[in-house]
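Q:
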Amino acid sequence: MLSKPWFDPKEITVVFVLGRPGSGKGTQCAQLVRDYDFVHLSAGDLLRQEQARPGLFQLTRGKKRFLIDGFPRKIDQMLAFEKNVCPCQFTLDFHCSESILIERLLARGRRDDNIDTIQKRFKTHQELTVPVIEYMEKQGKLVRVTCENSIESTYQETLDQIRPFLKLS
93 MLSKPWFDPK EITVVFVLGR PGSGKGTQCA QLVRDYDFVH LSAGDLLRQE QARPGLFQLT
153 RGKKRFLIDG FPRKIDQMLA FEKNVCPCQF TLDFHCSESI LIERLLARGR RDDNIDTIQK
213 RFKTHQELTV PVIEYMEKQG KLVRVTCENS IESTYQETLD QIRPFLKLS
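Each position in the sequence shown, counted from 1, maps to that position plus 92 in this note's numbering.
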């Protein structure tokens with residue numbers, strides 16, 4: 093018997109949101125939530141919440157558009173999600189030069205944002221997540237946004253790029 097995803101992609105829109113640390117994924121997702129009624133699900137936040145309490149999807153009941161930030165990190169995660177949960181509409185990849193990313197991350201002032209940790213996170217992204225991005229590009233399901241400019245201009249580019257996929261007004 094063939095397994096079917098939990099959600100029908102005709103009824104639910106799932107967008108994977110990827111990019112190296114410091115690329116502004118969360119910032120851009122927050123604006124899409126504000127303007128287009130998406131639900132923003134951060135992979136890290138979801139894991140922490142799931143450990144704290146059951147019923148992850150209770151918060152999202154009745155919503156139709158989901159941005160899944162920082163997921164999938166690996167090909168097997170992406171394939172399992174699309175098979176078991178819902179195929180994604182597309183993957184949004186925020187791309188930025190390494191020097192700008194390092195500058196942003198160091199400016200945040202978080203304890204774990206030091207140059208060694210940042211470089212390790214970039215290496216992990218390159219080894220694990222870039223194959224997901226390449227796969228989605230081959231599938232015609234990749235939207236790449238350059239995020240080296242202001243938050244506002246990056247958001248405008250994001251909207252311009254995703255409109256054809258989502259029929260946004």
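Idealized CB from N, CA, C, for every residue including glycine.
Please state the DSSP three-state secondary structure of Met93.
A: Summary for Met93: the model assigns pLDDT 45, below 50, so the residue's position carries little reliability; its value from the coordinates is reported in the next sentence. It is coil, neither helix nor strand.
Q: At 4 residues or longer, what runs of the alpha helix (DSSP H) sit wholly inside the region 215-248?
A: The region 215-248 contains these whole alpha helix (DSSP H) runs: 222-230.
Q: Is the beta carbon of Asp161 sitting closer than 7 Å to the one on Cys121?
A: Result yes, Cβ atoms of Asp161 and Cys121 sit closer than 7 Å.
Q: Locate the beta strand (DSSP E) running through Val109, then write down its first and last residues.
A: Per DSSP, Val109 belongs to the beta strand (DSSP E) from 105-111.
Q: Taking 6 Å as the limit between beta carbons, can you name the residues of its chain near Pro223, skipping five residues before and five after?
A: Answer for Pro223: Ile167, listed in chain order.
Q: Quick test of the definition: if touching needs 3 or more C-beta pairs under 8 Å, does the region 98-108 touch the region 178-185?
A: Yes: at least three Cβ pairs fall under 8 Å.
Q: Using the C-alpha atoms, what's the distance from His217 back to Ile104?
A: Looking at the two C-alpha atoms, the distance is approximately 27 Å.
Q: Just tell me which of Ile192, Met228, Asp205 has its CA closest to the CA of Asn241.
A: When each option's Cα is compared against that of Asn241, the closest is Ile192.
Q: Going along the chain, which residues of its own chain have a beta-carbon closer than 6 Å to the beta-carbon of Leu184, five neighbours each way excluded?
A: Here the set comprises Val107, Val109, Val235.
Q: DSSP has Arg157 in a bridge; who is on the other side?
A: Partner(s): Thr105.
Q: Could you have a look at Phe173 and say whether DSSP puts it in helix, strand or coil?
A: DSSP places Phe173 in helix when its eight states are reduced to three.
Q: Counting along the chain, where does the alpha helix (DSSP H) carrying Asp127 start and finish?
A: 117-128 is the span of the alpha helix (DSSP H), which, as asked, contains Asp127.
Q: Do Lys155 and Val125 have their C-beta atoms closer together than 7 Å?
A: Contact: no.
Q: So, for Phe163: in the same chain, excluding its five sequence neighbours on each side, which residues have a beta-carbon less than 6 Å away from its beta-carbon?
A: Ala135.
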